[in-house]
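Contents: one structure, followed by commentary.
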Amino acid sequence: MTQRCPHCQIEIDAPKLNAYEDNFVCPHCAATLSHSQIDIFFYAFCFIALVSLLLITIGHINTFIALVIAAVSYHFCRGKLFESRFRLIRCTF
87 MTQRCPHCQI EIDAPKLNAY EDNFVCPHCA ATLSHSQIDI FFYAFCFIAL VSLLLITIGH
147 INTFIALVIA AVSYHFCRGK LFESRFRLIR CTF
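Taken in order, the sequence shown gives residues 87 to 179; the numbers are from our numbering.
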């Protein structure tokens, strides 16, 4: 997934979330980068809330089961649907 480095503004291939521990380094400017935690939580909350509400209202599924199905669905869909939309931020320690 190609994204733009916030420091040098050059297109880079950002690794997937499960490919690094806390952060990664831009190959051009050596800036320490990470995916935005706010974006990760926002997309997860919206997806889980929407899917669980649809399952509860349309499918008449138990709330707990609907939340579990939505969370597992987000886990499997995150890499394909959402990770390319997460912004990169520069880590400052």
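Even for Gly, the Cβ is constructed at its ideal location relative to N, Cα and C.
The C-alpha of F172 lies about 19 Å from the C-alpha of P113. Taking 3 residues as the shortest admissible run, the region 134-162 contains no complete beta strand (DSSP E) segment at all. Proximity of the region 149-164 to the region 119-133 meets the contact definition, three or more beta-carbon pairs being nearer than 8 Å. Our two residues, A117 and L141, have alpha carbons roughly 43 Å apart in a direct line. L119 counts as buried, since no fewer than 16 other beta carbons sit within 10 angstroms of its beta carbon.
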